[in-house]
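Participant: Have a look at the structure that comes next, please.
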Amino acid sequence: MAAYNDKPAEPDDIFRIMSQVPPQEVADQDAPKACKLESYAQTPSYEQ
5 MAAYNDKPAE
15 PDDIFRIMSQ
25 VPPQEVADQD
35 APKACKLESY
45 AQTPSYEQ
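With our numbering as the guide, the letters of the sequence shown map in order to residues 5 to 52.
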């Protein structure tokens, strides 16, 4: 887990690491049910 680093030591020191958590522990299990995006196959192509 990370948070905004309000005391950066360098210009690109944006985040402050708070803890190491496995991805399975922080993954949103309900996200796939709430996803409203169409599939890639259903997305029209405008390339010519």
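In this text, a Cβ means the ideal position worked out from N, Cα and C, and glycines have one as well.
Given the structure is predicted, the values throughout are model-derived calculations rather than measurements.
Look at the alpha carbon of A9 and the alpha carbon of L41, and state the distance between them as a whole number of angstroms.
Facilitator: The question names Ala, but residue 9 is Asn in the sequence shown. Going from the Cα of N9 to the Cα of L41 covers about 33 angstroms.
Participant: Note the first and the last residue of the continuous beta strand (DSSP E) segment covering A7.
Facilitator: A7 -> beta strand (DSSP E) spans 6 to 8.
Participant: How is the beta strand (DSSP E) around I18 delimited, first residue to last?
Facilitator: No beta strand (DSSP E) contains I18, which DSSP labels as neither H nor E.
Participant: Please name the residue in M5, Y50, S49 whose C-alpha comes closest to that of P26.
Facilitator: Among M5, Y50, S49, the Cα nearest to that of P26 belongs to M5.
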